[in-house]
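Undergrad: Below you'll find the structure I mean.
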Amino acid sequence: MASPSAAVRKEAADIRVQPINGFIGAEISGIDLARPLSEGQFKIVHDALVRYEVIVMRDQDITIDQQMAFGKLFGELSIHPFSPNLADKPEVIILDYSKDNPPALTDIWHADETFREAPPMATILRAKVVPEIGGDTLFSSMSAAYRGLSERMKQHIHGMETLHDFKPWRPLFGANDRPKLRKLEDDFPNPWHPVVAVHPVSGRRILYVNQQFCVRIKDLKTDESDTLLAFLYRQATVPEYQLRVKWRPNTLVMWDNRSVLHYAAHDYYPARRTMERVTVKGQRPKGVEGPYSPDTIEANGAVKPAIAEGTRPGPKRAFDRY
Ligand SMILES: [Fe+2]
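One gets the numbering used here by counting positions in the sequence shown from 1 and adding 1038 to each.
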């Protein structure tokens, strides 16, 4: 009988973690989520999520219970405050868009539920019905976006905070839903989140703003806030920071909601696209403590850089572009 370490080595040999782009994304193969993961397998998947921020697993023909069980390995599942969910499994959201039910307002760069004090740490989405053409999801690494800023801009935004609100969803509450909306505002008061957050596992700094939920930066005049936010939002659009996932039925994607933004391309209407979503509870985002100091996380070795020091073409070119 193989010793535990040999068993762990075999699991590691079976799993392949293949980076997709220079700054974000890895495809994981050699794993079947229909079966419970061992501790060793889970560690590989968890570390890949933190390191690559988005992990793609193809051909996962699993039940929603198996998807939930996979999510629970990372922590307690979270329940969306107002999105329609399954009656007997409130942690599950079924996204089912078609001719009669146009896609929701998710064709905008965002992280999920940052209007909450403690947004989900990760989202797990599995495709069921995929349109023949279109319906990709785009991701953008906001840790790469932070690294791409000039040292002077990093100093400028250090310590800033942004107000987050579920603003695009407010019109969903009609005149008769005022009490419901009021209760939601009481239960989920608008949080101030740091503009630069520190990833609780990797220690990487993250440009933690998104166009869908950010309202304004504290202590700035409206024009100053709008102008700076527009610049910061634009960082998500830099191609080098991005990953574009083409779905197939049974493709499962998990993203680190603490460090990436995503954008659902609405180019498939009126075709049908069906996904099942679960989220894992997260913590309140924390900013960089104390006065500004340059990011030393890579020098500390807490996380290996995606690309070796001195050979990072993305941020340099991105900086020049603007
Ligand atoms: Fe989303």
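Idealized CB from N, CA, C, for every residue including glycine.
Kindly examine ligand 1 and report whether one of its heavy atoms sits closer than 8 Å to the Cβ of Ala1125.
TA: Incorrect: Ala1125 has no Cβ contact closer than 8 Å to ligand 1.
Undergrad: Which residues count as close to ligand 1 when the rule is a CB under 6 Å from any of its heavy atoms, in chain order?
TA: So the residues near ligand 1 by this Cβ test are Thr1144, His1148, Asp1150 and His1300.
Undergrad: Determine, using beta-carbon pairs with one atom in the segment 1297-1314 and one in the segment 1230-1250, whether at least three such pairs fall under 8 Å.
TA: With a cut-off of 8 Å, the segment 1230-1250 and the segment 1297-1314 count as touching, because enough Cβ pairs lie within range.
Undergrad: Roughly how many whole angstroms lie between the Cα atoms of His1237 and Lys1324?
TA: Taking the straight line joining both Cα atoms gives about 8 Å.
Undergrad: If contact is defined by three or more beta carbon pairs under 8 Å, each pair taking one atom from either stretch, is the segment 1103-1121 in contact with the segment 1068-1075?
TA: These segments touch.
Undergrad: So the alpha helix (DSSP H) Ile1102 belongs to, where does it begin and stop?
TA: Here the alpha helix (DSSP H) through Ile1102 covers Ile1102 to Lys1110.
Undergrad: Per DSSP, Gln1273 is paired with what?
TA: Gln1273 is not bridged to any residue.
Undergrad: For Asp1052 and Pro1209, what's the separation of their Cα atoms in angstroms?
TA: One C-alpha to the other measures close to 49 Å.
Undergrad: In the DSSP assignment, find the alpha helix (DSSP H) that holds Gln1193 and state where it starts and stops.
TA: Note, Gln1193: alpha helix (DSSP H), Glu1189 to Ile1195.
Undergrad: Buried or exposed for Glu1314, going by 16 or more other Cβ atoms inside 10 Å?
TA: When all chains shown are included, Glu1314 counts as buried.
Undergrad: Just confirm the distance between the C-beta atoms of Val1247 and Leu1267, as a whole number of angstroms; I'd bet it's less than 8 Å.
TA: So it is a contact: roughly 6 Å between Cβ atoms.
Undergrad: Out of curiosity, what's the CA-to-CA distance linking Ala1337 and Phe1061?
TA: For Ala1337, the predicted structure reports a pLDDT of 40, less than 50, and the residue's modelled location is therefore unreliable. A value from the coordinates is still provided. In a straight line, the C-alpha of Ala1337 is about 18 Å away from that of Phe1061.
Undergrad: Measure the beta-carbon distance from Trp1230 to Lys1256 and round it to whole angstroms, keeping in mind my assumption that it falls under 8 Å.
TA: Sure, about 6 Å apart at Cβ, within 8 Å.
Undergrad: Grab the span of the alpha helix (DSSP H) containing Phe1080 for me, first residue to last.
TA: From DSSP, the alpha helix (DSSP H) with Phe1080 extends over Glu1077 to Tyr1090.
Undergrad: Does the beta-carbon of Thr1200 have 16 or more other beta-carbons within 10 angstroms, so that it is buried, or is it exposed?
TA: By the 10 Å Cβ count, Thr1200 comes out buried.
Undergrad: Within this structure, are the beta carbons of Ser1116 and Thr1317 separated by less than 9 Å?
TA: Yes, the pair counts as a contact, with Cβ atoms nearer than the cut-off.
Undergrad: If you compare alpha carbons, which of Ile1093, Glu1114, Ile1100 and Glu1077 is closest to Gly1320?
TA: Selected option, being the one with the closest Cα: Glu1114.
Undergrad: Per DSSP, Tyr1135 is paired with what?
TA: BP columns for Tyr1135 point to Arg1311.
Undergrad: Which residues mark the beginning and the end of the alpha helix (DSSP H) in which Ser1181 is found?
TA: That run of the alpha helix (DSSP H) goes Met1180 to Arg1185.
Undergrad: How is Thr1260 classed by DSSP in three states: helix, strand or coil?
TA: Three-state DSSP puts Thr1260 in a helix.
Undergrad: Taking buried to mean at least 16 other C-beta atoms within 10 Å of its own C-beta, is Gly1109 buried or exposed?
TA: Result: buried.
Undergrad: Mark Gln1056 as exposed unless 16 or more other C-beta atoms lie within 10 angstroms of its C-beta, in which case mark it buried.
TA: It is exposed - the Cβ of Gln1056 has fewer than 16 other Cβ atoms within 10 Å.
Undergrad: Does DSSP put Pro1238 in a helix, a strand or coil?
TA: Looking at Pro1238 - three-state DSSP - the assignment turns out to be coil, as it is neither helix nor strand.
Undergrad: Can you tell me whether Ser1067 is buried or exposed, with buried defined as 16 or more other CB within 10 angstroms of its CB?
TA: Its Cβ having fewer than 16 others within 10 Å, Ser1067 is exposed.
Undergrad: Which of the three DSSP states is assigned to Asp1174 in this structure?
TA: Reduced to three states, the DSSP call for Asp1174 is coil.
Undergrad: Please report the straight-line C-alpha distance between Gly1339 and Asp1138, rounded to a whole angstrom.
TA: Low confidence applies to Gly1339: its pLDDT is 41, below 50, so where it sits in the model is not reliable, and the reading given next is rough at best. Cα to Cα, the separation comes out at about 51 Å.
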